[in-house]
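Here is the structure we will look at.
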Ligand SMILES: [Fe+2]
Ligand SMILES: [Fe+2]
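Residue numbers (the working numbering): -18 to 135.
See the structure below:
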């Protein structure tokens, strides 16, 4: 089905966001594993897998709309040097993702593409959960202190 070029452009921008997030989280997850924080590894790896599914769905949608998925572009990837940095950089990425998905959903609505809008809304729901997770970790660190928090993450 021939898609609207404006919508395809938005989906490709979201794809860039997802591919960048996958890279960031895979590195963060493996750093956590390397330091022995296995629970944190599992949680971040699960987020990386969520982002991979998002990328798959977006690529599928672009192809359905007869567009070309741009898999070559990545945003600058920010890797944390500490657990605190990883969590706060992850939170920044997720808040940005929520903002960008909301913007892309508006474009889909304006262009009358309800199918793409529904897909982006489904992904937005996951991104909001990712923001929630990052905020929970930040709260726990603030309440119990980083050392105590890390004892819960081995
Ligand atoms: Fe995502
Ligand atoms: Fe996310």
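Ideal placement from N, C-alpha and C gives every residue a C-beta, glycine not left out.
Once the 5 residues before and after residue i are set aside, which same chain residues still bring their CB inside 8 angstroms of it?
{"i": "residue 6", "result": "25, 26, 28, 29, 32, 71"}
{"i": "residue 119", "result": "68, 69, 72"}
{"i": "residue 116", "result": "72"}
With a threshold of 7 angstroms on Cβ separation, who are the neighbours of residue i within its own chain once the five nearest residues in sequence on each side are excluded?
{"i": "residue 22", "result": "10, 13, 14"}
{"i": "residue 98", "result": "86, 89, 90"}
{"i": "residue 92", "result": "-15, -13, -12"}
Under the three-state reduction of DSSP, which class applies to residue i: helix, strand or coil?
{"i": "residue 16", "result": "coil"}
{"i": "residue 51", "result": "coil"}
{"i": "residue 83", "result": "helix"}
{"i": "residue -15", "result": "coil"}
{"i": "residue 59", "result": "coil"}
Start and end of the alpha helix (DSSP H) containing residue i?
{"i": "residue 135", "result": "Where residue 135 is concerned, there is no enclosing alpha helix (DSSP H), given that its DSSP letter is neither H nor E."}
Answer yes or no: the CB of residue i versus the heavy atoms of ligand 1, is any distance below 7 angstroms?
{"i": "residue 52", "result": "no"}
From this set, the options, which residue's C-alpha is nearest residue i's C-alpha?
{"i": "residue -7", "options": "19, 37, 16", "result": "37"}
{"i": "residue 74", "options": "112, 54, 52", "result": "112"}
Which residues in the same chain as residue i place their Cβ atom closer than 6 angstroms to its Cβ, once the five residues preceding and following it in sequence are excluded?
{"i": "residue 107", "result": "31"}
{"i": "residue 61", "result": "67, 70"}
When every heavy atom of ligand 2 is checked, does at least one fall within less than 7 angstroms of the C-beta of residue i?
{"i": "residue 190", "result": "As displayed, the chain neither begins before -18 nor continues past 135, which places residue 190 out of reach and without an answer."}
{"i": "residue 2", "result": "yes"}
{"i": "residue 28", "result": "yes"}
{"i": "residue 81", "result": "no"}
{"i": "residue 23", "result": "no"}
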